[in-house]
Amino acid sequence: MAWSYWENGGTEAWASNYPPAKGNRQSPVDIDDWITDRALSAQSLNFYYKSGDLKTIRNNGHSWQIDVSPESRSEMFARHLSLNAFRLLQIHAHWGVGANDGSEHKIKGQRYAGEIHLVHWNTKYDDAKQAGSHPDGIAVLGVFLKRSEWDNPKLTPLISILTNVRYKGQLCDLHGTVNPEVFLPDVRAFWTYEGSLTTPPCSECVLWTLFEEPILISDKQLEAFRSLSSGEQGLTNAPAMINNVRPTQPLGARKVRYSAGLT
28 MAWSYWENGG
38 TEAWASNYPP
48 AKGNRQSPVD
58 IDDWITDRAL
68 SAQSLNFYYK
78 SGDLKTIRNN
88 GHSWQIDVSP
98 ESRSEMFARH
108 LSLNAFRLLQ
118 IHAHWGVGAN
128 DGSEHKIKGQ
138 RYAGEIHLVH
148 WNTKYDDAKQ
158 AGSHPDGIAV
168 LGVFLKRSEW
178 DNPKLTPLIS
188 ILTNVRYKGQ
198 LCDLHGTVNP
208 EVFLPDVRAF
218 WTYEGSLTTP
228 PCSECVLWTL
238 FEEPILISDK
248 QLEAFRSLSS
258 GEQGLTNAPA
268 MINNVRPTQP
278 LGARKVRYSA
288 GLT
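With this note's numbering, you'll find the sequence shown wraps up at 290, consecutive numbering, no jumps.
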């Protein structure tokens, strides 16, 4: 079923077609209070990513999306989430028009220029589809994008290929040019909480890890994101792919834990 950020009622209309969007474990949230968990800080995050596992990039009408090869074994191990490995499934991003309106999550009421999501599925399940039906099935790493005056050279391979997927439905092979680790910050302090997908069907299956340290992105690089179209080539009235951001949802009784990172 089609959904949109910009048309047919936008994000407020999602719950009509996707009942989980009305749940009490929805994402994103505004993180303004948390518990510093010393046990959490003693646990490491381990990533085993391979450039060759990132197969294609496409314009899905809502964002650019990097899809992983079905044979991929790019995985992460995060003891605060599960004893099982989480396998990388796809990577996408959210962004706005300025320096402070593009991230989905907020930190004490403040947004960043954008937010990258690295989506993984729990390998204790048979596949990503099955994992998405369980409350611990999906793990998303959220990385904030902070505006900089200078280009981030680590993002250059991604930026250079976006012209090939300007319109909805366009797809391009990556040929190993993008490594997932370029999207990760150097400092691994993070917040974690139980939430949902931030796009329909908004399933409440996500264990979130949000890194405190952002990665940098220049205005020029952000403009490459903003130049994408939500419509197919030749469609002149399609909304620009800007503000592909869901508003924050009530945190409710959920607790946010904070890790200062492994020291």
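Beta carbons are placed, not taken as given, at the ideal position from N, Cα and C, and that holds for glycine.
Between which residues of its own chain and Gly279 is the CB-CB distance below 6 Å, once the five residues before and five after are set aside? Asn51
Backbone secondary structure at Val192 - three-state DSSP: helix
Determine the DSSP secondary structure at Trp41, reduced to helix, strand or coil. Helix, per DSSP.
For a quick check, are the C-beta atoms of Pro47 and Pro228 less than 7 Å apart? yes
Along the alpha helix (DSSP H) that carries Gln248, what are the first and last residues, could you check? 246 to 253
Val170 versus Gln260: straight-line alpha-carbon distance, rounded: 30 Å
Based on Cα-Cα distance, which residue from Ala120, Ser230, Leu81, His161 lies nearest to His89? Ala120
In the stretch 39 to 78, which residue ranges form an unbroken beta strand (DSSP E) of at least 3 residues, counting only runs that do not cross its ends? 72 to 75
Spatial neighbours of Gln143 within its chain, please: C-beta separation below 6 Å, excluding the five flanking residues on both sides. Just to set this straight, residue 143 is Ile in the shown sequence, not Gln. Only Ala120, Val170, Phe210 meet the Cβ criterion.
Buried versus exposed call for Ser230 [16 or more other C-beta atoms within 10 Å across all chains shown]: Buried, because 16 or more other Cβ atoms sit within 10 Å of the Cβ of Ser230.
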